[in-house]
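Numbering (the working numbering), first residue to last: 71 to 227. Glycine is no exception: its CB is placed at the ideal position from the N, C-alpha and C atoms. On a predicted model such as this, the values are computed, not experimentally measured, just so you know.
In structure tokens, the structure reads:
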């Protein structure tokens, strides 16, 4: 499983925006393109998508630019990925409107895909933009234990 380049770039761009000033000041696409190494047209496209999703607020003209619509701690990786990719759905089984699986009628795994999908989405929702934009801890320091997410609903960890 791999995120699209655009989703990856959106996370990189949003983390850079959070490092600059969180939700408190306006940035411009040129500044973020320079800092992240992303092409300016890509940053502009991402600004449009992230704005449509309500993750950033943009204004045109003098004094314009964009800023995060919420504090970095209130924006998750899941929010960003879904703004670019749409709802997180690992298989067509978790997309209730689709019925294009050749083994849908006899599949015994299908009932479990919602739990798997929920675990992946939960993991992405458990990482905030604030965490991504902070400096990593120096090597050798103790890190908190990662939160374990049950693989299936009701499973104990």
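Taking the CA atoms as reference points, residue 159 sits about 9 Å from residue 191. Taking the Cα positions, residue 157 is about 18 Å away from residue 180.
Here the alpha carbons of residue 178 and residue 171 stand approximately 13 Å from one another. DSSP, reduced to helix, strand and coil, places residue 89 within a helical segment of the structure shown. In the DSSP annotation of this structure, the continuous segment of the alpha helix (DSSP H) that includes residue 116 starts and ends at 110-122.
Leaving aside the five residues that flank residue 174 on each side, the residues in its chain whose CB is nearer than 8 Å to its CB run, in chain order, 163 and 180.
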